[in-house]
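Its first residue numbered 137, the sequence shown is counted upward by one per residue in the numbering used here.
Even glycine gets a Cβ: it sits at the ideal position worked out from N, Cα and C.
Heads up: the structure comes next, in C-alpha cells.
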Amino acid sequence: MTTPALLPLSGRRLPPLNLGASAFPHHRATLRLSEKFILLLILSAFITLCFGAFFFLPDSSKHKRFDLGLEDVLIPHVDTSKGGKNLGGFLIHGQGHDEHRHREEEERLRNKIRADHEKALEEAKEKLKKSRDEIQAEIQTEKNKVVQELKKKDSKPLPPVPLPNLIGINSGEPADPDIREKRNKAKEMMKHAWDNYRQYGWGHNELKPIARKGHTTNIFGNSQMGATIVDALDTLYIMGLHDEFREGQEWIDKNLDFSVNSEVSVFEVNIRFIGGLLAAYYLSGQEVFKIKAVQLAGKLLPAFNTPTGIPWAMVNLKSGVGRNWGWASAGSSILAEFGTLHMEFVHLSYLTGDPVYYNKVMHIRKLLQKMDRPNGLYPNYLNPRTGRWGQHHTSVGGLGDSFYEYLLKAWLMSDKMDTEARKMYDDAIEAIEKHLIRKSNGGLTFIGEWKNGHLERKMGHLTCFAGGMFALGADGSRDDKAGHYLQLGAEIAHTCHESYDRTTLKLGPEAFKFDGGVEAVAVRQNEKYYILRPEVIETYWYMWRFTHDPKYRQWGWEATQAIDKYCRVSGGFSGVKDVYSSSPTYDDVQQSFFLAETLKYLYLLFSNDDLLPLDNWVFNTEAHPLPVLHLANTTLSGNPAYR
C-alpha cells in the first residue's frame, strides 16, 4: 500500500513528498570548469590560426577572388548614344571592372584576422598566467553580470493601476474582553510560529521545529524560496505584527529569486506565492510584492504549452519544461490544480493590463464546458495531451476540492458579474448533492467520493472546507435555496466537529469513515494524522460570519486549545501522527499553511466582521484575501463573462 507521503494530500495541498539530499546525487565533472575554459581558449586560438593561414597562401588563378557571399550584382545600363538616357537595360557588374576593389577587401580581411589572431593568443597567454582561483572568480563575475542583466529585464516598471476600494484592513477589535483574549491567543501562537521560523528556518520553505532547521518538500523544488515568509505575510499584516511583516518584505526584496533551476508545483506556487504576494500588495501597497508576483507568473506560463492548453502540474522555473505527476492517472493533469488558477490570474491581468493570464484560465473554462461529464460530475483527472478524462474518480476533497471553490469565488470576485462561473458552480453542486452527499445511520451528513461507479463512504479533512463553501454560496443560489445551502453548510460543520470530538486529542484525522458502526472516525493508521490543517476552522469561520451562532466560536476555541496543547513545541508547532493516541509522536514539520490559513482563520473567528468583510474581499484557497474587482475598475469588462 502506498504511504501517505506519496499520495496527493489534496488539490488544495499537493503531496508532501520528503526528498533527502540522497535524492539529488552530486555529480563531479570529469574536467574542472577552469581547465575546460583554458582548453577552449587554446583550441579557439588554434582554429583562428588555421583559418587565417588560408589568407596568407600565395595568390593563384583559382584564388583571385575571395567569395564574400556577395553575388555579382545587376546595375542599370545607360546608353550614352541616346543622349545619356536610361533605356531600362542592365549590365553585369563583373570581375574585370571590380578586381581592384576585391583585392583591397581581401587585404582588409587578412589584416583583421591577423589582428584577431594575435589578440586571442595574447589573451590566452594572460589567462595561463592566472591562478585557477582567479579564473574561477572571473567566470563567476561574468555569470553575476548576466544574472543582474536578467533581473533588470524582469524588473521593468508595471503600468499604474487604480487600487480597488479596500475596506477593513486594520479593524476587527472585539468589544467582549473574553473574545479579545481568544483573538490575542491566536496572535501569540502566530508570533511563536514566526519567531522560531525566523530563528531556525529563515529563508527555507518551512521549519522542522524539533530538529530546529529548515524543511522543504518536492512541491517547491530543490531551492530555498522562503515559502513560509510569503505565505505568512498577510496574516502578519492583519494581526498588526508590522515589524515581522517588514522583515519578510526585506527578505523578499533582496532574496526571492525565480531564475533558479528548480521544478515546482504550478498549483502550489500559484496559491501560496502568487496569492500571498498579491494579498501582501493589496494590504500594504508595497510595489515589490506586485513586481515579484508578475515575475513569478511569467515563469509559470510555459506550463500551459500543452496540446490542449491544460497546464502541466510541474514546471522548471529556469527551462520552462513541464510534466505531470507520475502517479496521476496515466500522465493526467489534476482538476483541483488546473482549476485553481482563476482568482490569481484574473488579478494578474488586472494589475498588468496584459490579458494573457485571463485568457489562459478562460481557455480552461471553455474546454471544460464542452466536455461530457459522467452523471454531471467532474472527474479528477484530465489528460493534457488528448483532452480526455482519466479514470472516473470524483471528489470534493483532495484532487477536486478547490476547483468548485474557485467557480464560486470567480463569481464573487467579479462583483457577481461572472454569471457563467456561477452557473458552472450551481450545476456542479447539484450533481454533488445528488450523487455524493449522504446521511449516516447516526444522522451525520457527509460527502463521499465517487470511485469506479460506486460511492466510497469516506470523507477527508480537506473536504471539510465545503461547509464554508456552501454557506458562502447560499446567497444567489438557484430556486431560492439559500436557506437549504446554509443548512447544508451547518450539517457539514457539525460532522467535521464530530471528527475532532471523537479523538483523544480533540484534533481531526486526515480521513474518516461512515461504515457500519464506525462514524466520523479514522480506521487506517495512515489516516490518523493531523498536520495543522485549516479546513475545519475555515468552515467554522464562514458559518460564524453568516449565522453568528456562538457554537462556532466555541468549537474554534476547542481547536485552538488542542493545537496549543498537543502541537506546540519549544521550536514552533508540529503535526502529530495519531490523534487517537494520548502520547502522540510528532511529524516535525511546521507547514507554511499553518501560518497562512489555520492561524488566520482562528484570528478572524474571534474578530469583528468589519475585518476583511466578505462583500469586499474573497479568500483564495490558501486564505490569501484578494479584493472584489468591481466592473468599473476592471480591465476585463470587454469579456462576455463579465457583462
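ask   = In whole angstroms, what separates the C-alpha of G589 from that of S576?
value = Computed Cα separation, rounded: 20 Å.
inquiry  = Going by C-alpha to C-alpha distance, which of K649, L668 and R669 sits closest to R660?
reply    = Nearest option by C-alpha distance: K649.
task = Drop a sphere of 10 angstroms on the beta-carbon of M507, count the other beta-carbons inside from all chains shown, and report buried for 16 or more, exposed for fewer.
result = M507 should be labelled exposed.
ask   = Any idea which residues DSSP pairs T581 with across the strands?
value = Partner(s): K575.
ask   = Does the distance from the CB of I82 to the CB of Y737 come in under 8 Å?
value = What the structure shows of the chain is the stretch from 137 to 779, and residue 82 is not part of that stretch, so it cannot be assessed.
key: Coarse secondary structure for D203, derived from DSSP in three states   = Here the model assigns D203 a pLDDT of 37, short of 50, so the residue's position is not dependable, and the following value carries that caveat. Looking at D203 - three-state DSSP - the assignment turns out to be coil, as it is neither helix nor strand.
query = Given a threshold of 16 other Cβ atoms within 10 Å of its Cβ, counted over all protein chains shown, does G653 qualify as buried or as exposed?
reply = With a 10 Å radius around the Cβ and a threshold of 16 neighbouring Cβ atoms, G653 comes out exposed.
key: Contacting residues, own chain, Cβ-Cβ under 7 Å from F440 (five flanking each side not counted)   = Cβ neighbours of F440 beyond the five flanking positions: P447 and K496.
task = Go ahead and label K664 buried or exposed: buried means 16 or more other beta carbons lie within 10 angstroms of its beta carbon, across all protein chains shown.
result = Buried, because 16 or more other Cβ atoms sit within 10 Å of the Cβ of K664.
message = Just to check my reading of the structure: N516 and L471 have Cβ atoms closer than 8 Å, yes? What is that Cβ distance to the nearest angstrom?
response = Between L471 and N516 the Cβ distance is about 5 Å, and since that is below 8 Å, they are a contact.
ask   = Could you give the residue range of the beta strand (DSSP E) that holds E342?
value = E342 -> beta strand (DSSP E) spans E342 to K344.
ask   = So S469 packs on L437, CB below 8 Å; how close in whole Å?
value = Contact between S469 and L437 does not hold, since the beta-carbon distance rounds to 16 Å and is not under 8 Å.
request  = Give the DSSP-derived three-state secondary structure of G692 in the structure shown.
outcome  = Correct three-state label for G692: helix.
ask   = Where T599 and M479 are concerned, what is the direct C-alpha to C-alpha distance, given to the nearest angstrom?
value = Spanning the two alpha carbons is a distance of roughly 20 Å.
Which listed residue (D537, R509 and L503) has its alpha carbon closest to that of R521 = Nearest of D537, R509 and L503 to R521, Cα basis: L503.
task = Entirely within the region 337-396 and at least 3 residues each: give me those beta strand (DSSP E) ranges in chain order.
result = Runs of the beta strand (DSSP E) inside the region 337-396: 342-344 and 349-351.
inquiry  = Between which two residues does the alpha helix (DSSP H) holding M498 run?
reply    = Under the DSSP assignment, M498 falls in the alpha helix (DSSP H) whose first and last residues are V492 to K506.
query = What residue does the alpha helix (DSSP H) around W753 start on, and which one ends it?
reply = Not the alpha helix (DSSP H): W753 falls in the beta strand (DSSP E), residues W753 to F755.
task = Check whether the region 743-759 touches the region 301-320, taking contact to mean three or more Cβ pairs, one atom from each stretch, closer than 8 Å.
result = Yes, they touch.
query = How would you label S613, buried or exposed, when you count the other beta carbons within 10 angstroms and need 16 or more for buried?
reply = Sixteen is the threshold: when 16 or more other Cβ atoms of the shown chains lie within 10 Å of the Cβ of S613, as they do, the residue is buried.
inquiry  = Here's the rule: buried if 16 or more other CB atoms are within 10 angstroms of the residue's CB, otherwise exposed. What is P761?
reply    = Of the residues assessed, P761 falls on the buried side of the cut-off, its CB having 16 or more other CB atoms within 10 angstroms.
ask   = Could you give the distance in angstroms between the alpha-carbon of P295 and the alpha-carbon of F606?
value = Cα-Cα distance, rounded: 38 Å.
task = Classify K261 as buried or exposed, calling it buried when 16 or more other Cβ atoms lie within 10 Å of its own Cβ.
result = By the neighbour-count rule (16 or more Cβ atoms within 10 Å), K261 is not buried but exposed.
query = Are the CB atoms of D724 and K454 nearer to each other than 8 Å?
reply = For D724 and K454, no; Cβs fall outside 8 Å.
task = Indicate the three-state DSSP secondary structure (helix, strand or coil) for L765 in the structure shown.
result = Three-state DSSP puts L765 in coil, outside helix and strand.
message = With the cut-off set at 8 Å, would you say T476 and Y417 are in Cβ contact?
response = Their beta carbons are not under 8 Å apart, which means T476 does not touch Y417 by this criterion.
request  = Can you grab the Cα-Cα spacing for the pair G107 / Q727, in whole Å?
outcome  = Here the chain covers residues 137 to 779 and nothing more, so residue 107 does not appear.
inquiry  = Which same chain residues end up closer than 7 Å to E694 when comparing Cβ atoms and leaving out the 5 residues on each side of it in sequence?
reply    = Contacts found: K642.
query = Under a Cβ-count criterion, where at least 16 other Cβ atoms within 10 Å of its own Cβ denotes burial, should N511 be classed as buried or exposed?
reply = It counts as exposed.
ask   = What is the DSSP secondary structure of V400, reduced to helix, strand or coil?
value = The answer is strand: DSSP assigns V400 an E or B state.
request  = Inspect the beta-carbon positions of V405 and A449 and report whether they are closer than 8 Å.
outcome  = Against a cut-off of 8 Å, the Cβ pair of A449 and V405 comes out as no contact.
query = Does the region 675-682 come close enough to the region 625-633 to have 3 or more Cβ pairs within less than 8 Å?
reply = At 8 Å Cβ cutoff, the stretches touch.
inquiry  = Could you compute how far the alpha carbon of H528 sits from the alpha carbon of G536?
reply    = Taking the straight line from one Cα to the other gives about 12 Å.
query = In the structure shown, what three-state DSSP assignment does G434 receive?
reply = In the structure shown, G434 sits in a helix (DSSP, three-state: H, G or I).
task = Locate the beta strand (DSSP E) running through E592, then write down its first and last residues.
result = Residues H590 to E592.
inquiry  = Ignoring anything shorter than 3 residues, give me the beta strand (DSSP E) runs that lie fully in the region 417-473, in order along the chain.
reply    = Segments of the beta strand (DSSP E) lying fully in the region 417-473: 450-452.
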